[in-house]
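Listed in order, the protein sequences are those of chains A and B.
Residue numbering for the first sequence follows the UniProt record's numbering, starting at 1 and increasing by one per position.
Residue numbering for the second sequence follows the UniProt record's numbering, starting at 1 and increasing by one per position.
Yeah, the Cβ is synthetic: ideal placement off N, Cα and C, and Gly gets one too.
What follows is a single structure, written as structure tokens, with notes after it.
2 protein chains.
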Amino acid sequence: MLGTMQDVPLLISRILRHGATIHARSPITTWAGEGREPRRRTFAAAGARSAQLAHALHDELGVRGGDVVGTCMWNNAEHLEAYFAVPSMGAVLHTLNLRLPSEQLAFIIGHADDRVILVNGSVLPLLAPLLPGLPRVEHIVVVGPGDTGALTGARAAVHDYEDLIAGRPTTYDWPELDERTAAALCYTSGTTGDPKGTAYSHRSIFLHSMHVTAAEAMGLTLADLTLPVVPMFHVNAWGIPHAVFMSGTGLLMPDRFLQPGPLADMIAAERPTHAAAVPTLWQGLLAELAERPRDVSSLSRVAIGGSACPPALMRAFEEKYGINVRHCWGMTETSPVGTTADPPPGLTPEEERPYRESQGRFSVGVEARLAGPDGTFLPWDGTSAGELEVRGPWIAAAYHGGPGGEPERPADRFSPDGWLRTGDVGVISPEGYLTLTDRAKDVIKSGGEWISSVALENHLMSHPLVSEAAVVAVPDDTWGERPLAAVVLSDPADPADPAEATEATEATYRELRGHLGERLPRWQLPEHWTRVDAVPKTSVGKFDKKVLRARYAQGELTVVTLED
Amino acid sequence: MLGTMQDVPLLISRILRHGATIHARSPITTWAGEGREPRRRTFAAAGARSAQLAHALHDELGVRGGDVVGTCMWNNAEHLEAYFAVPSMGAVLHTLNLRLPSEQLAFIIGHADDRVILVNGSVLPLLAPLLPGLPRVEHIVVVGPGDTGALTGARAAVHDYEDLIAGRPTTYDWPELDERTAAALCYTSGTTGDPKGTAYSHRSIFLHSMHVTAAEAMGLTLADLTLPVVPMFHVNAWGIPHAVFMSGTGLLMPDRFLQPGPLADMIAAERPTHAAAVPTLWQGLLAELAERPRDVSSLSRVAIGGSACPPALMRAFEEKYGINVRHCWGMTETSPVGTTADPPPGLTPEEERPYRESQGRFSVGVEARLAGPDGTFLPWDGTSAGELEVRGPWIAAAYHGGPGGEPERPADRFSPDGWLRTGDVGVISPEGYLTLTDRAKDVIKSGGEWISSVALENHLMSHPLVSEAAVVAVPDDTWGERPLAAVVLSDPADPADPAEATEATEATYRELRGHLGERLPRWQLPEHWTRVDAVPKTSVGKFDKKVLRARYAQGELTVVTLED
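Here is the structure:
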């Protein structure tokens, strides 16, 4: 027996219509740098200009349902117009990550089959050199001032955004689409292989946006002004651009002014109440404020995600500035909000701390399970560590297959019953709080149990002798895998006599092992140790453990194995 | 091109699972009367007991997918268990309105084809007499103490709720249903004809619940304790029981203690932060508090809906008790939340008032239009009055057709393009605020314009000579319809000489017409006047205008028609 309710699809055009009418006066402010007047528009204007853009794309550039329109843009009002116009007209918005290496950028433009690219003038130097290798890109729409000289001789037609949309009708008869239609594409770089694209549907974005506004997630209200520092090319700026059109929350857009100094100026001038960014951004802002104080008292809460927030950063925000930090976890494949670290009610600030420092509790649409080393699912007991798998209406089921291609479901990312394998390893408390301990590819699988490389590294780096440490799995006949600790010693005793040196180093290893032994169970302690001059790192500064594993496999490391 | 997202249906079992795990410790407190210990359970317990109930219904009573299970219950923990168990197992929950006349109650039990009815012991005297006429009701499950003597000889088997669920498994393998499956049935009495049933789907309830938690609607948080005084048999208690399992908000259940005194005691003892009820309930509570003060300082906000909230009531709440009143509009066919009167930001309390006193702005899923007297759609200009039509994923498309019957789409309730005709007449401001002015059946259609009977009545009743007034449409050759004002004079000058009396009365009508003329456009002023001893009323105390119209048609009223 079916219900008697209306069969109204969940479409981005409905989010747009709601924001542009019900919250017509809510502001969109795009920062233009200190001392220059920001561009101020309203949600109503964004609605009108989105319609104009859709007419231009349709009538002038020939964009039709299913065509992919790329954006190579900062967080600004025009990017927001594309966010609404492109999916609402039935096309697919492809947000290009400006920070990808250029060969990856070219790859994803080709793989997604972008026919039109909207590009901020300031980003032209990045995009222009790629175009000769991308013959299927037909139109480049330049948004804002920039040197278009680099585009001379480009096969693609070049347009100015404002000229293109000027004078067109300010309403558009948005089509009634199937809510499962692709609305937006976002690729992740990944550490191996080509980037993979997640194609968000109208449905997934609508539901995720409803969740983002909820108190359980960001709690956005009509009285808020939110500052998404997290880029709109990075998982839809965590859903904020769509969510504010539901909640009426004002939007403060930083454009390209993402350095700590300009950000601090903007916060002091425009007084946002809420902001969202990755930890490193906030670290930089705190350092800036320590050096040159500004009034950031308007901020009452910030969302932090993208990577784990150091507890010291959280404390500094709360104690120095009275800003409540909301820790979130998610990934491109989860739209992204999967968990939020809201503590249970009725606790003191100190009691709240461990809850706040965890990754938090799962969003209402998101189910979770932990797959243990042997593939069985583990209890939520706060100690059983497994790979996090998630399911829900805004979780990816596959990767985009490119034009004409079938969606890809690699077995290491999607379980046979359709859950997303996150690649994150952690524990879940009986109260449902997730604490991530490692990446699945880095965890050490020893005798049917998992040892967290991250926990070993953090404890090693808390020892005064160690400046850096990375722990990787090495094969072991008895246990399957065992940990190898690679340490950078801060003040190595390095006698001239090699025998003495070896003995001194071995003594250091024993001391470090003892240090770990006070903090972790005996079976987790590394027996294999090596000294390195530096831990190898990826281009974004993360430990590159696959290089360490390769150097071990090729016998390039001097390994000492301690007997018990 | 479809998105690559998981196809996970929006099911009530997912709301249940979320609440029972992520918000396991959130409380459900059922009041048991002053001086008795309330029944205290957690969301986790509700989850376990819902599973037990589902097993009992399935294994013991033979309930299968699509079967209808009625509830004849107050707001309490067991009713909540049925709310989750019945739809989650694929059956349909039918909440029986205890306040319907008994023949209507019997009608809806038969029309919905209830096979099982869960009934609070205290409500047995209401239900038992109906059962002999309802041969298809197979099982009566009595919840809580009550005199089951009235059921002696009933054809239906009688069970005790606690006995029935005891010892059964506390988990249930909830089926993956089509999200459009009917989850819950609610009938409206209507003033004419048989009650009509709306069959909410899993999808509509899921989406509506997400909205209810949002700041734009009730803004329910983990730190709140909410008191739904609005009955769970009345449009799902405005969605609160489902919504709290999303937000983790604690639930305070009044059970049958709905009189102002016991409610005040409960509020003082349990300290809810949020509550929801109809205006008359709050009127009663304010009167009770004025007479015998209690500490209601825990309440920070209340949702008021069901009928328009008198401004004086809103002021009293805000000024005397510091409680923020959130006015809402909705109906059974809209799940119910259709609008919420949240003022724009940045206003003073006085500036906020007209926004707060309006019906508010439309919910994110709800589109609205005003159909004018000639069927064209009117602008949102704050003055053009039309019948409100709405569309959205939690708005009804039809009425339940009963077992084997097709859904019913009466043309006066559903437009040819599928919008719901609300039967409410009003205006919408350019900012999207709805102000209702009349019911469509009561509006006076004069010369292609609509005159609000309610506005005329309110202005008449503000005159010292008038104690009650009702205005109805009467046929007019020139204008189609014109207003007839029926007034109850508070101190009628009634000379013995009939001619003098007539003259005096006519002078009063002229004075009243002059009073109206200072407040409303000339073309809206009634020319037809009559005196009545009392305005006829319905069983729930509303003006019964169809009786007045019938008395006019039958020439039973002494009508004076004023010349200009």
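Cutoff 6 Å; reference residue i; Cβ partners in own chain excluding five residues on either side
i      : result
G401/B : P407, E408
D267/B : According to the sequence as given, residue 267/B is Ile; it is not Asp. These residues qualify, in order along the chain: V296.
E60/A  : none
D476/B : R482
P260/B : G284, L285, E288
G386/B : L370, A371, G372, L378
R271/B : S298
T198/B : C186, T332, E333, A396
G248/B : H23, S26, L222
L252/A : T29, L225, L227, E270, P272
Per-residue contacts from residue i into chain B (C-beta, under 9 Å)
i      : result
L10/A  : L207, G365, P393
R180/A : L2, G3, M5, D7
Beta-carbon proximity list for residue i, same chain, < 8 Å, skipping 5 on both sides
i      : result
G124/A : It should be noted that the sequence gives Leu, not Gly, for residue 124/A. These residues qualify, in order along the chain: V142, G146, D147, T148, A150, L151.
V559/B : L484, H528, W529, T530, Y552
V466/B : L460, V487, V488, L489, S490, L512
V69/B  : L57, V63, A82, V86, A91, V92, L93, H94, D114, R115, V116, I117, L118
P279/B : I304, G306, S307, A308, C309, P310, L313
Contact list for residue i against chain B, beta-carbon separation under 8 Å
i      : result
A183/A : G3
V92/A  : M1
D342/A : L222
Beta-carbon separation (whole angstroms), residue i vs residue j, contact threshold 8 Å
i      : j      : result
T530/B : L557/B : 4 Å
D424/B : L388/B : 5 Å
K441/B : G480/B : Actually they are not in contact, since the Cβ atoms of K441/B and G480/B sit about 15 Å apart, beyond 8 Å.
S50/B  : L16/B  : 6 Å
Interface partners of residue i on chain B, CB under 7 Å
i      : result
P345/A : L222, A223
Y83/A  : Near Y83/A there are no residues of chain B at all, since even the closest Cβ is about 16 Å away, more than 7 Å.
S204/A : G3, M5
Counted within 10 angstroms of its Cβ, other Cβ atoms place residue i as buried (16 or more) or exposed
i      : result
A182/A : buried
L2/A   : exposed
E171/B : Position check: residue 171/B holds Thr in this sequence, whereas Glu was assumed. Classification of T171/B: exposed, given that the 10 Å Cβ count is below 16.
W523/A : exposed
A20/A  : buried
P228/B : buried
Q52/B  : buried
S452/A : buried
A77/A  : buried
E500/A : exposed
P231/A : buried
A275/A : buried
R292/B : exposed
Cutoff 7 Å; reference residue i; Cβ partners in own chain excluding five residues on either side
i      : result
G239/B : H208, S209, V212, S335, V337
L164/A : A56, E60, V141
R180/A : S201, R203
E138/B : R115, V116, A156, A157
G448/A : P373, D374
L105/B : L96, L130
Interface partners of residue i on chain A, CB under 8 Å
i      : result
A397/B : T4, M5, Q6, D7
V246/B : For the sequence presented, residue 246/B should be read as Met rather than Val. Under the 8 Å cutoff, chain A gives A214, E216, V364.
D173/B : Those within 8 Å of D173/B in chain A number zero; the least Cβ separation is about 14 Å.
Within chain A, partners of residue i - CB distance below 9 Å
i      : result
H274/B : None at all; the shortest Cβ gap to chain A is about 12 Å.
T561/B : Residues of chain A passing the Cβ test: none, with the nearest at roughly 44 Å.
Y355/B : Chain A residues near Y355/B: none, gap ~11 Å exceeds 9 Å.
C-beta neighbour in chain C for residue i, strict 8 Å
i      : result
Y187/A : The displayed structure is made up of protein chains A and B, and chain C is not among them.
Taking any Cβ of chain A, which residues in the segment 295–321 of chain B have a Cβ under 8 Å from it, in chain order?
none
Listed in chain order, which residues of the segment 408–436 of chain A have Cβ atoms closer than 7 Å to some Cβ of chain B?
G418, E431, G432
Of the residues that make up the segment 22–51 of chain B, which ones have a beta carbon closer than 7 Å to any beta carbon in chain A?
I22, A24, R25
Below 7 Å between beta carbons is the criterion; list the residues of the segment 98–130 of chain B that meet it against any residue of chain A, in chain order.
Within the segment 98–130 of chain B, no residue has a Cβ that lies closer than 7 Å to any Cβ of chain A.
Could you run through the segment 57–72 of chain B and flag, in chain order, every residue whose CB is less than 7 Å away from some CB of chain A?
Listed in sequence order: G66.
Near-chain A residues of the segment 542–556 of chain B (beta-carbon distance less than 9 Å), N- to C-terminal order
none
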